[in-house]
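Okay, structure first, notes after.
Protein chains: 2
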Amino acid sequence: MTKANQQYAENLQLELRRGVIVLAVLSQLRQTHYGYSLRQALVDKGFDVNEGTLYPLLRRLESQGLLNSEWDLEEGGRPRRYYTLSEAGQAILTDLKAEWKYLGVVMDGLLVDDK
Amino acid sequence: MTKANQQYAENLQLELRRGVIVLAVLSQLRQTHYGYSLRQALVDKGFDVNEGTLYPLLRRLESQGLLNSEWDLEEGGRPRRYYTLSEAGQAILTDLKAEWKYLGVVMDGLLVDDK
DNA sequence: CATTATACATTGCATCACATAGTATTGTCA
DNA sequence: TGACAATACTATGTGATGCAATGTATAATG
């Protein structure tokens with residue numbers, strides 16, 4: 022595999038993960054998290070997310086009304102912004118889960134080693 | 022669900038499918054196809070792809086050396102460009118299949134209804 | 001003879017992940 | 001004590017890419 026091909030492969034793997042990020046994030050926000058702890062939870066479970074991806078994503082989802090957030094300015098600690106799913110966010114999560122499941126079935130059909 | 026939320030939901034579903042498109046395309050090109058027949062094969066199996074997505078995608082994959090193509094200029098027929106997987110394309114397909122499988126496992130872990 | 005299906009191409013727009021860099025505090029370890 | 005890593009969040013620019021829209025042209029269908 023040439024260097025160029027390796028580059029293409031990495032790129033395609035990134036694309037593959039790209040679409041799933043929101044689903045991954047929403048799934049974990051069934052429990053309250055702040056950005057950093059959310060990232061750790063995802064990484065721990067095998068889903069690596071860049072900080073430069075996650076933080077803006079959370080702000081975007083909040084601006085779309087899918088998340089609620091609240092600052093925690095505890096004394097003697099760094100300020101944390103806690104996120105939870107809004108009702109709309111829960112509805113979207115349900116949608117995306119269904120779509121994900123459907124996609125799995127479709128892809129299984131496409132990837133069958135026929136003949 | 023408000024109109025805005027419906028918009029977000031559609032958008033996120035598009036994103037979800039986005040990353041998988043290349044994998045879907047490569048999977049079907051284990052058999053030779055031209056663009057139009059490839060699109061039909063995908064749609065038939067539940068994977069809807071836009072023409073404006075598919076045709077440029079095929080050109081791009083070819084330019085990256087993952088596909089080979091050949092015009093068929095049969096008399097009394099519309100010209101068709103037939104695509105097949107190159108060796109590099111087959112390698113990438115194998116990679117992506119593995120990544121897809123891994124992603125499935127990870128997502129299953131994330132989506133578990135714990136508690 | 002008009003409409004639909006086939007077959008491919010192109011352009012501009014909008015979305016979005018990531019790399020990178022920056023700020024600031026807390027903890028660790030030599 | 002002083003350097004470095006970890007914590008926690010923000011901001012910006014770039015590149016990749018899907019899609020809607022539009023165009024071209026031929027064949028089939030009614």
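For the protein sequence lines, the chains are W and S, in the order given. Heads up: the first sequence runs through residues 22 to 136, numbered per the working numbering. Heads up: the second sequence runs through residues 22 to 136, numbered per the working numbering. From the three backbone atoms N, C-alpha and C, an ideal C-beta is built for every residue, glycine too. Note that the structure is predicted; figures quoted are calculated from it, not measured.
Expressed to the nearest angstrom, what Euclidean distance is found between the alpha-carbon atoms of residue i and residue j?
{"i": "G110(S)", "j": "E91(S)", "result": "16 Å"}
{"i": "A45(W)", "j": "D93(S)", "result": "44 Å"}
{"i": "L75(S)", "j": "K66(S)", "result": "16 Å"}
{"i": "L132(S)", "j": "S48(W)", "result": "6 Å"}
{"i": "L106(S)", "j": "Y55(S)", "result": "12 Å"}
{"i": "G125(S)", "j": "L37(W)", "result": "11 Å"}
{"i": "M128(S)", "j": "R99(S)", "result": "44 Å"}
{"i": "L50(W)", "j": "L59(W)", "result": "8 Å"}
{"i": "T53(S)", "j": "W121(W)", "result": "28 Å"}
{"i": "D69(S)", "j": "G73(W)", "result": "31 Å"}
{"i": "I113(S)", "j": "L87(S)", "result": "8 Å"}
{"i": "Q85(S)", "j": "E108(W)", "result": "44 Å"}
{"i": "A25(W)", "j": "N32(W)", "result": "11 Å"}
{"i": "R81(W)", "j": "Y104(W)", "result": "12 Å"}
{"i": "T115(W)", "j": "R39(W)", "result": "19 Å"}
{"i": "Y123(W)", "j": "E95(W)", "result": "43 Å"}
{"i": "A30(S)", "j": "T23(S)", "result": "10 Å"}
{"i": "D134(S)", "j": "Q28(S)", "result": "27 Å"}
{"i": "N89(S)", "j": "E83(S)", "result": "6 Å"}
{"i": "Q61(W)", "j": "V43(S)", "result": "29 Å"}
{"i": "A119(W)", "j": "L35(S)", "result": "14 Å"}
{"i": "L63(W)", "j": "L117(W)", "result": "18 Å"}
{"i": "Y57(S)", "j": "V41(W)", "result": "28 Å"}
{"i": "R101(S)", "j": "L78(S)", "result": "16 Å"}
Which of the three DSSP states is assigned to residue i in this structure?
{"i": "L44(W)", "result": "helix"}
{"i": "L87(S)", "result": "coil"}
Taking only beta-carbon atoms, is residue i less than 8 Å away from chain W?
{"i": "E91(S)", "result": "no"}
{"i": "E83(S)", "result": "no"}
{"i": "L106(S)", "result": "no"}
{"i": "K24(S)", "result": "no"}
{"i": "G130(S)", "result": "yes"}
{"i": "V41(S)", "result": "yes"}
{"i": "G98(S)", "result": "no"}
{"i": "V127(S)", "result": "yes"}
{"i": "Q34(S)", "result": "yes"}
Ends of the alpha helix (DSSP H) at residue i?
{"i": "N32(W)", "result": "K24 to R39"}
{"i": "R60(S)", "result": "G56 to D65"}
Kindly indicate if chain S contains any beta-carbon less than 8 Å away from that of residue i.
{"i": "Y29(W)", "result": "yes"}
{"i": "E120(W)", "result": "yes"}
{"i": "L44(W)", "result": "yes"}
{"i": "S58(W)", "result": "no"}
{"i": "G73(W)", "result": "no"}
{"i": "Q49(W)", "result": "yes"}
{"i": "R80(W)", "result": "no"}
{"i": "L94(W)", "result": "no"}
{"i": "L88(W)", "result": "no"}
{"i": "R38(W)", "result": "yes"}
Exercise. What are the start and end residues of each continuous beta strand (DSSP E) run of 3 or more residues lying completely inside the segment 94-118 of chain W, in chain order?
Worked result: 101-106
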